[in-house]
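Q: Note that this note's numbering has the sequence shown beginning at 1, numbered continuously upward.
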Amino acid sequence: MRNGLLSWILPKSPKPLLPESEVRSLYPKFRWRILEATFLGYSVFYTVRNNFPVVSKEIGQALSYSQEQIGNILAITAISYGIGKFLMGALSDRSNPKVFMPLGLVLTGICNVCFGASSDYQTHLILWGLNGLFQGMGWPPCGRSLGHWFSVKERGAKFAIWNIAHNVGGGLVGVIAAYSASWFGWRNAFYIPAAISFLTAIYLYFRLLDTPQSVGLPSIEEYTGTETDPSKVSESERELSFKEIFIDLVLLNKYIWVFALANFFVYIVRYSLTDWGPSYLKFAKGASLEKGGISTLIYEFAGIGSTLLVGWYSDKVGGKRGLVSLVCMVPILFALFGILLLPPGYLWADLTLFGVVGFFIYPPVMLLGVAGLDFTSKKAVGTAAGFIGLFGYLGRTALSKGLGWMSSFSWFRWEYSISIIFVSAILAIILLAFTWNWKPKH
Numbered sequence: 001m002r003n004g005l006l007s008w009i010l011p012k013s014p015k016p017l018l019p020e021s022e023v024r025s026l027y028p029k030f031r032w033r034i035l036e037a038t039f040l041g042y043s044v045f046y047t048v049r050n051n052f053p054v055v056s057k058e059i060g061q062a063l064s065y066s067q068e069q070i071g072n073i074l075a076i077t078a079i080s081y082g083i084g085k086f087l088m089g090a091l092s093d094r095s096n097p098k099v100f101m102p103l104g105l106v107l108t109g110i111c112n113v114c115f116g117a118s119s120d121y122q123t124h125l126i127l128w129g130l131n132g133l134f135q136g137m138g139w140p141p142c143g144r145s146l147g148h149w150f151s152v153k154e155r156g157a158k159f160a161i162w163n164i165a166h167n168v169g170g171g172l173v174g175v176i177a178a179y180s181a182s183w184f185g186w187r188n189a190f191y192i193p194a195a196i197s198f199l200t201a202i203y204l205y206f207r208l209l210d211t212p213q214s215v216g217l218p219s220i221e222e223y224t225g226t227e228t229d230p231s232k233v234s235e236s237e238r239e240l241s242f243k244e245i246f247i248d249l250v251l252l253n254k255y256i257w258v259f260a261l262a263n264f265f266v267y268i269v270r271y272s273l274t275d276w277g278p279s280y281l282k283f284a285k286g287a288s289l290e291k292g293g294i295s296t297l298i299y300e301f302a303g304i305g306s307t308l309l310v311g312w313y314s315d316k317v318g319g320k321r322g323l324v325s326l327v328c329m330v331p332i333l334f335a336l337f338g339i340l341l342l343p344p345g346y347l348w349a350d351l352t353l354f355g356v357v358g359f360f361i362y363p364p365v366m367l368l369g370v371a372g373l374d375f376t377s378k379k380a381v382g383t384a385a386g387f388i389g390l391f392g393y394l395g396r397t398a399l400s401k402g403l404g405w406m407s408s409f410s411w412f413r414w415e416y417s418i419s420i421i422f423v424s425a426i427l428a429i430i431l432l433a434f435t436w437n438w439k440p441k442h
C-alpha cells in the first residue's frame, strides 16, 4: 500500500536513531514546533467554519432565508462536522499529519469560496455540509501529533496551551467575518477567511512533522523516561488494525462512551452562545451586528486563562479530567440564569455573563478531548477524539435544528433558548458525576 496512489498521505517510516547529542537538541525544538503549527492550523480552521453564524442574519436578509433555513444550514454543518471528525479521525490515525491537515484546510477553503459565490439555498446547504465534513480533518491530526510528541503526564498542561486555538480562532472569526461583511458585503466573510486558509495550508506543509521516529528521534515514552520496558514501548508504537482501533479501543471502551455522552450536552452549552448568541443579543436585547461579533470575541477569549489553569491543575490531581470538568460546569448555571433575568438595555452585563460562560465552558471542552486520549492508545487518538467529537456535534445539531425550528413559531421567545441550555448544563453535570474518580489508565 505504501507504493500505491495514497502513499503520499501515509505515515512516514521510522528513520535510524540520531546520536544522543542531536536528540537532546532537536526534541525540544520539534515539540514546540508541533505545538505552534497545530495551534495555528486549528485556529485557522475556525475562521472557515464559524463564519456563517456571525453573518447568518445578513445572509437571511439578502437571500430571504427563514430562521428555520438558517437553522438547517447550522444543523447540517454540525452533523457533517461530527461525522467528519469521526471518519477523518479514523483516517488520521493511519495518515501523515504533515499532509492530512493542510489538505483539510485547502478543501474547506474551496467550500468557502464556492459558498460565497452562490445565492441558492440548496447549494448553500450542500456546500456547508461538505465544509463540515472537511473540517473534520482539523482536530484529529492535531490530537495524533500531540499524542506522539507529549507524554501522558504533561497532556493536561500542553493540551491546555494548544486548546487556546479554539478561543483564538473562535474570537477572530467573529471580528473577521463581521467586519468583512459590514465593509465589503456578506460574501467576503467567506472569501477572506478562505484566502487565509490557503496560505496557512502552505505554511503547515513545510512546518508540521509526523512522529518522532519519522525524523530519527526516540518515542516520547523513551525520551521522557515514562516507559523503560522495551517490549511495552515497542507495543505502544505498533501500528494497529482498523478493528483494534475502531472496535476494541473505542466502541467497546466504556470510558469513551461516558465522556462522549457528556460531551453531547457540553457542546450544546458551548455553541449556544456562538451559533445563537449574536441573534439572541440582536432580537432579545437590541444589539447591533458589530456588537454581536464582539460578544463572540469576549466569549472565546474569556476561556484562555481558565483553560491554561485548569489544564495544569488536572495534571496535578492525577489526570481527573472528569472531576475538574464537573466543577467548571456549576458556575455556568448561575451565568445562564443571570442572562435570562437581565432586561434589555444592559448589554455590558450580558457581555460580562457571556464571558463568564466562556471562562468556564472551555476547560471541559478541552478536558473531555484529553480524557479520550487518556483512556485509549495513542495509536487510536484520532478515532477516540473523533468519536467524542461526534457526540459533541450531535449536541450542536440538536441545538441548531431545535432552535431554528422553534423560532419559526409565533409563540417562540428567545428566553426559551436559555432555558434549554440551562437544562443541558445540568445533564452534563449528572454524567460527569460518574467520572469524578477516573484517572488515566496508562
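Here a beta-carbon is modelled for each residue, glycine too, at the ideal position from N, C-alpha and C.
#1: Can you name the start and end residues of the alpha helix (DSSP H) that Y346 belongs to?
#2: Here's a check: name, in chain order, each residue in its chain whose Cβ is nearer than 6 Å to the Cβ of G174, leaving out the five neighbours to either side.
#3: With H, G and I counted as helix, E and B as strand and the rest as coil, what does DSSP make of S231?
#4: Would you kindly work out how many angstroms separate the C-alpha atoms of F30 and W139, rounded to a whole number?
#5: E235 to A384, Cα distance in whole Å?
#6: Grouping DSSP H, G and I as helix and E and B as strand, with all else coil, what is S66?
#7: Note down the Cα distance separating Y362 from F259, rounded to an integer number of angstroms.
#8: What whole-angstrom Cβ distance do G171 and F301 have, given they're in contact under 8 Å?
#9: The alpha helix (DSSP H) with K12 in it runs from where to where?
#10: Using beta carbons (cut-off 8 Å, strictly below), is T296 in contact with chain B?
#11: With DSSP as the reference, label T211 as helix, strand or coil.
#12: Please name the residue in C114, L103, I245 and L368 whose C-alpha comes closest to that of S377.
#13: Helix, strand or coil: how does DSSP classify R49 here?
#14: Between W438, K282 and L18, which lies nearest to Q213 when the distance is taken from Cα to Cα?
#15: Cα separation between G147 and R207?
#16: Using only the alpha-carbon positions, how far apart do L427 and A262 sit?
#17: Thinking C-beta only, is K320 closer than 8 Å to W162?
#18: If you run the structure through DSSP and keep just helix, strand and coil, what is W149?
#19: Less than 8 Å between the C-beta atoms of F100 and I196, yes or no?
#20: Between the segment 354 to 361 and the segment 326 to 342, are three or more C-beta pairs nearer than 8 Å?
#21: Suppose you measure from the CA of S231 to the CA of I70; what does that come to, to the nearest Å?
#22: Just reading off the alpha helix (DSSP H) that D93 is part of, what are its end residues?
#23: So what's M1 in DSSP terms, helix, strand or just coil?
#24: Measuring only the C-alpha atoms, how far is G369 from F39?
#25: For V269, which option in L26, Q67 and S419 has the closest C-alpha, if you only look at C-alpha atoms?
#26: Could you tell me the distance, in whole angstroms, from the CA atom of S182 to the CA atom of K153?
#27: Span of the alpha helix (DSSP H) holding S440?
#28: Which residues in the same chain have their Cβ closer than 7 Å to the Cβ of N96, if we skip the five residues on either side of it in sequence?
A: For this structure:
#1: Counted from its first residue, the sequence shown places residue 346 at position 346. It is not in any alpha helix (DSSP H) - Y346 carries neither H nor E in the DSSP assignment.
#2: Within the sequence shown, residue 174 is the residue found at index 174, counting from 1. The residues V54, G293, T296 and L297, in chain order, have a CB closer than 6 Å to that of G174 in the same chain once the five nearest residues on each side in sequence are set aside.
#3: Position 231 of the sequence shown holds residue 231. Its pLDDT being 49, under 50, S231 is placed unreliably in this model, and the coordinates cannot settle the point.
#4: In the sequence shown, the residue the question calls residue 30 occupies position 30. In the sequence shown, the residue the question calls residue 139 occupies position 139. A direct Cα-to-Cα measurement between F30 and W139 gives close to 19 Å.
#5: Within the sequence shown, residue 235 is the residue found at index 235, counting from 1. Within the sequence shown, residue 384 is the residue found at index 384, counting from 1. Bear in mind that a pLDDT of 49 at E235, under 50, signals an unreliable position, so the number given afterwards is only what the model happens to contain. CA-to-CA, the gap between E235 and A384 works out to about 19 Å.
#6: Counted from its first residue, the sequence shown places residue 66 at position 66. Reduced to three states, the DSSP call for S66 is coil.
#7: Taking the sequence shown and counting its residues from 1, one reaches residue 362 at position 362. Taking the sequence shown and counting its residues from 1, one reaches residue 259 at position 259. Rounded to the nearest whole angstrom, the C-alpha separation of Y362 and F259 is 15 Å.
#8: Taking the sequence shown and counting its residues from 1, the one referred to as residue 171 is at position 171. Taking the sequence shown and counting its residues from 1, the one referred to as residue 301 is at position 301. Contact between G171 and F301 holds, since their C-beta atoms are separated by about 5 Å, short of 8 Å.
#9: The residue labelled residue 12 in the question sits at position 12 within the sequence shown. Looking at the DSSP string, K12 is not in any alpha helix (DSSP H), and its letter there is neither H nor E.
#10: You won't find chain B in this structure, because it holds only one protein chain.
#11: Numbered from 1 along the sequence shown, position 211 holds the residue referred to as residue 211. DSSP places T211 in coil when its eight states are reduced to three.
#12: Within the sequence shown, residue 377 is the residue found at index 377, counting from 1. Checking every option, the nearest Cα to that of S377 belongs to I245.
#13: Looking up residue 49 in the sequence shown gives position 49. Here R49 sits in coil by DSSP.
#14: Here residue 213 is taken as the residue at index 213 of the sequence shown, counted from 1. Residue L18 is the option with its Cα nearest to Q213.
#15: Numbered from 1 along the sequence shown, position 147 holds the residue referred to as residue 147. Numbered from 1 along the sequence shown, position 207 holds the residue referred to as residue 207. Rounded to whole angstroms, G147 and R207 show a C-alpha spacing of 18 Å.
#16: Counted from its first residue, the sequence shown places residue 427 at position 427. Counted from its first residue, the sequence shown places residue 262 at position 262. Rounded to the nearest angstrom, the gap between the Cα atoms of L427 and A262 is 8 Å.
#17: Start at 1 with the first residue of the sequence shown, and residue 162 comes out as number 162. Start at 1 with the first residue of the sequence shown, and residue 320 comes out as number 320. With contacts defined as CB atoms closer than 8 Å, W162 and K320 fail to qualify as a contacting pair.
#18: Locating residue 149 in the sequence shown gives position 149, where the first residue counts as 1. Correct three-state label for W149: helix.
#19: Walking along the sequence shown from the start, residue 100 turns up at place 100. Walking along the sequence shown from the start, residue 196 turns up at place 196. Taking 8 Å as the Cβ cut-off, F100 and I196 do not qualify as a contacting pair.
#20: Here the segment 354 to 361 makes contact with the segment 326 to 342; the two share three or more CB pairs at distances below 8 Å.
#21: Here residue 231 is taken as the residue at index 231 of the sequence shown, counted from 1. Here residue 70 is taken as the residue at index 70 of the sequence shown, counted from 1. Confidence at S231 is low in this model, with a pLDDT of 49, below 50, so its placement is unreliable and no value can be given for it.
#22: Mapped onto the sequence shown, residue 93 falls at position 93. From DSSP, D93 is part of no alpha helix (DSSP H); its letter is neither H nor E.
#23: Translated into the one-based positions of the sequence shown, residue 1 becomes position 1. Caution is warranted here: a pLDDT of 45 is assigned to M1, below 50, making its placement in the model unreliable, and the coordinate value is therefore given only provisionally. M1 falls in the coil class under three-state DSSP.
#24: Within the sequence shown, numbered from 1, the residue matching residue 369 stands at position 369. Within the sequence shown, numbered from 1, the residue matching residue 39 stands at position 39. The alpha-carbon atoms of G369 and F39 are separated by roughly 15 Å.
#25: Here residue 269 corresponds to residue number 269 of the sequence shown, with the count starting at 1. Comparing Cα positions, the closest option is S419.
#26: On the sequence shown, position 182 is the one that residue 182 refers to. On the sequence shown, position 153 is the one that residue 153 refers to. C-alpha separation (whole angstroms): 46 Å.
#27: Reading the sequence shown from its first residue, position 440 is the one you call residue 440. Contrary to the premise, residue 440 reads as Pro rather than Ser in this sequence. Boundaries for P440: no alpha helix (DSSP H) harbours it, and the DSSP string shows neither H nor E there.
#28: Within the sequence shown, residue 96 is the residue found at index 96, counting from 1. Cβ within range, chain order: I9, L10, P11, K12 and D210.
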